[in-house]
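Asker: I have a structure I would like to understand better, so I am pasting it below and will then ask my questions one at a time.
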Ligand SMILES: Cc1cc2nc3c(=O)[nH]c(=O)nc-3n(C[C@H](O)[C@H](O)[C@H](O)COP(=O)(O)O)c2cc1C
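Residue numbers (the numbering used here): 27 to 227.
Following this line, the structure appears as structure tokens:
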């Protein structure tokens with residue numbers, strides 16, 4: 027039995043392509059592995075607090091904490107526990123204005139914790155969230171794959187690797203705003219990659 031964590035991050039609700047692709051992933055995964063436990067965290071539906079001065083102080087464990095700080099510190103640990111419990115983490119990475127959704131950035135800001143999810147060593151930083159497989163589903167309106175503007179994916183891959191989530195498979199849905207045929211091709215590419223990931227595990 028495996029634990030699957032699905033992180034949804036699109037703001038587009040029923041119109042979201044990444045949400046649909048990951049919803050389908052969850053359905054197909056469950057068909058193949060009925061005993062597995064799938065947890066879905068919807069970052070747009072259930073927003074997390076944005077990192078600010080008060081919260082970063084709380085995460086650093088400095089001084090006496092107010093109620094908001096206590097809640098944020100507990101939430102951060104709960105989010106980290108959710109990842110630690112997972113054997114597989116499937117993450118939606120839509121591109122908005124060349125970056126990741128602020129909702130996903132906020133999740134990242136709460137799970138990147140020195141001493142908990144990464145540590146600094148004499149040989150450089152070391153990620154502590156190891157032994158997990160990651161599926162990134164990235165969606166873009168235009169075409170950015172393998173170019174300098176593929177910044178949402180680059181950011182997600184870099185920061186996930188930093189906390190130890192290095193075993194990453196990417197399902198890429200590109201050109202989703204470039205007409206129906208291009209969109210169809212983009213969605214088919216991503217669906218094929220998702221199905222290959224399921225077939226391999
Ligand atoms: C606010 C906003 C900003 C966007 N910015 C970009 C962009 O910079 N580059 C791009 O290729 N597509 C951009 N798009 C198109 C999205 O990447 C595309 O709609 C994709 O399907 C988003 O994923 P989602 O449907 O899961 O939300 C943007 C869409 C929105 C809503």
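Note that CB positions come from ideal geometry on N, CA and C, so glycine has one too.
#1: Is it buried or exposed for residue 27, if we count other Cβ within 10 angstroms and need 16 for buried?
#2: Does ligand 1 have a heavy atom nearer than 7 Å to the CB of residue 60?
#3: Please name the residue or residues paired with residue 83 in a DSSP beta bridge.
#4: Any heavy atom of ligand 1 closer than 7 Å to the CB of residue 122?
#5: Just curious, the beta strand (DSSP E) that residue 165 is in, first and last residue?
#6: With 16 other CB atoms within 10 Å as the buried threshold, where does residue 57 fall?
#7: Give the secondary structure of residue 137 by DSSP, where H, G and I count as helix, E and B as strand, and everything else as coil.
#8: Kindly identify the DSSP beta-bridge partner or partners of residue 34.
#9: Mind checking which residues open and close the alpha helix (DSSP H) that includes residue 223?
#10: Evaluate residue 127 with the Cβ neighbour count: other Cβ atoms within 10 Å of its Cβ, from every protein chain shown; 16 or more gives buried, anything less gives exposed.
#11: For residue 110 versus residue 161, is the C-beta distance shorter than 8 Å?
#12: Please go through the same chain and pick out, in chain order, the residues whose beta-carbon is closer than 6 Å to the beta-carbon of residue 164, but skip the five residues on each side of it.
#13: For residue 150, which of helix, strand or coil comes out of DSSP?
#14: Taking 8 Å as the cut-off, does the segment 134 to 144 touch the segment 182 to 199 (at least 3 CB pairs, one atom from each stretch)?
Answerer: From the atom records:
#1: Here residue 27 corresponds to residue number 1 of the chain shown, with the count starting at 1. Residue environment for residue 27: exposed (fewer than 16 other C-beta atoms within 10 angstroms of its C-beta).
#2: As a first step, residue 60 is located in the chain shown; it is residue number 34 there, counting from the start. With a threshold of 7 Å, the Cβ atom of residue 60 does not count as near ligand 1, since no heavy atom of the ligand is closer than that.
#3: Along the chain shown, read from residue 1 onward, the residue named residue 83 stands at position 57. In DSSP, residue 83 forms no bridge with anything.
#4: As a position in the chain shown, residue 122 is number 96, starting the count at 1. Taking non-hydrogen atoms of ligand 1 into account, the C-beta of residue 122 is found less than 7 Å away from one of them.
#5: The sequence position of residue 165 within the chain shown is 139, counting from 1. 159 to 165 is the extent of the beta strand (DSSP E) around residue 165.
#6: Start at 1 with the first residue of the chain shown, and residue 57 comes out as number 31. Flag for residue 57 reads exposed.
#7: Within the chain shown, residue 137 is the residue found at index 111, counting from 1. Shown here, residue 137 sits in a helix according to DSSP, grouped into three states.
#8: In the chain shown, counting from the first residue as 1, residue 34 sits at position 8. As DSSP reads the structure, residue 34 sits in a beta bridge with 68.
#9: In the chain shown, residue 223 corresponds to position 197, counting from 1. Note, residue 223: alpha helix (DSSP H), 206 to 225.
#10: By 1-based counting over the chain shown, the position of residue 127 is 101. Its Cβ being crowded by 16 or more others within 10 Å, residue 127 is buried.
#11: For the purposes of this step, residue 110 is taken as the residue at position 84 of the chain shown. For the purposes of this step, residue 161 is taken as the residue at position 135 of the chain shown. Contact flag unset, no.
#12: By one-based count along the chain shown, residue 164 stands at place 138. Cβ contact annotation for residue 164 (same chain, cutoff 6 Å, sequence separation greater than five): 119, 179 and 198, in chain order.
#13: As a first step, residue 150 must be located in the chain shown, where it is residue number 124. In the structure shown, residue 150 sits in a strand (DSSP, three-state: E or B).
#14: By the Cβ rule, the segment 182 to 199 counts as touching the segment 134 to 144, because three or more pairs are nearer than 8 Å.
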